[in-house]
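Residue numbering for the sequence shown follows UniProt numbering, starting at 1 and increasing by one per position. C-beta: ideal position from N, C-alpha, C; glycine also. Note that this is a predicted model, so its numbers are computed, not measured. Below is one structure, written out as C-alpha cells, with a few remarks after it.
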Amino acid sequence: MLSRLSRRAFFRSISTTKFHRKDLRSITRVPLCTPLEGEFAVKSKDIAYVPFDTKLTELKSKIRVASEPFYGEYCTIGVAIESGSRFEAGYPLGTSHIVEKLAFGATSRHSSRDEIYAVLQENGGLIDCQSTRDTFIYAASCHISGLDAVMEILANAIWRAKNTPEEVRCVC
C-alpha cells in the first residue's frame, strides 16, 4: 500500500512540474482571432452546391407527394400528416403522444409488432413515428429490394391500425 502511494506521488510530481504548467498556460492563451499555422492550418475545400431535386405532385385525392431520386442501395419513404397536439382541443391532452406510441402496432395485415419487425429485418428496414405540434410523421428506410413490403407496412400502420386493448395498456 505504501509503495502504491509513493508511486502516485512520484508520477504526480512529474506531471505537475513547473515546466509542464508553463507549457499548458502558453497553449491556453492562443488568440482565437488569428489563424493557426503549420499542421493546424485550416485547409478548406470548395464544394459545389447541389440543390435538392425534389418533385412535388398532387394526386386526384388531394394527397401531395414530394419525391427525389435515390442513389445507392437504400431509400427512405415517409408520410407527413397535418395533425398533432395543436389539434387536441376537443380531446384529452396527450392523445397525440399515445397515438405516436401505438404506431406500427397490430394492423389488419400484421397481427403484432413482431411480424412487422420480422419483415423489416428481412429487408434491412427501420421505422419511426414522430409527432410535433402540427405534424405526425411516419417514416421508413429500407433496402430498395424491400420497398414494396415496407411501403405496405407504412400504409397499414396509417390506414388500417388495430389498436388492441393490450397495446393501449402497455403504452399507458
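Residue i: first and last residue of the uninterrupted alpha helix (DSSP H) it sits in
i	result
residue 117	113–122
residue 65	No alpha helix (DSSP H) holds residue 65; the beta strand (DSSP E) holding it covers 64–67.
residue 55	Not the alpha helix (DSSP H): residue 55 falls in the beta strand (DSSP E), residues 55–58.
residue 102	95–102
Local Cβ density within 10 Å of residue i, reported as buried at 16 or more and exposed below that
i	result
residue 118	exposed
residue 96	buried
residue 120	buried
residue 142	buried
residue 72	exposed
residue 105	buried
Unbroken beta strand (DSSP E) run spanning residue i, endpoints
i	result
residue 143	136–143
residue 46	Counting along the chain, residue 46 falls outside any beta strand (DSSP E), and DSSP gives it neither H nor E.
residue 79	74–81
residue 126	126–131
Close Cβ partners of residue i (< 6 Å) along its chain, the five nearest in sequence each way excluded
i	result
residue 57	65
residue 131	84, 96, 100
residue 156	107, 109
Contacting residues, own chain, Cβ-Cβ under 7 Å from residue i (five flanking each side not counted)
i	result
residue 29	none
residue 154	77, 79, 138, 140
residue 151	77
residue 112	106
Backbone CA spacing between residue i and residue j [nearest angstrom]
i	j	result
residue 162	residue 55	33 Å
residue 160	residue 148	17 Å
residue 167	residue 109	16 Å
residue 90	residue 129	23 Å
residue 114	residue 75	23 Å
residue 135	residue 86	9 Å
residue 158	residue 107	9 Å
residue 52	residue 126	23 Å
residue 145	residue 116	17 Å
residue 102	residue 171	7 Å
residue 38	residue 70	41 Å
residue 176	residue 92	What is shown of the chain runs 1 to 172, which leaves residue 176 out entirely.
residue 47	residue 169	52 Å
residue 62	residue 32	54 Å
residue 82	residue 88	12 Å
Per DSSP, cross-strand counterpart(s) of residue i
i	result
residue 107	161
Same chain only: Cβ atoms within 8 Å of residue i, ignoring 5 sequence neighbours per side
i	result
residue 44	none
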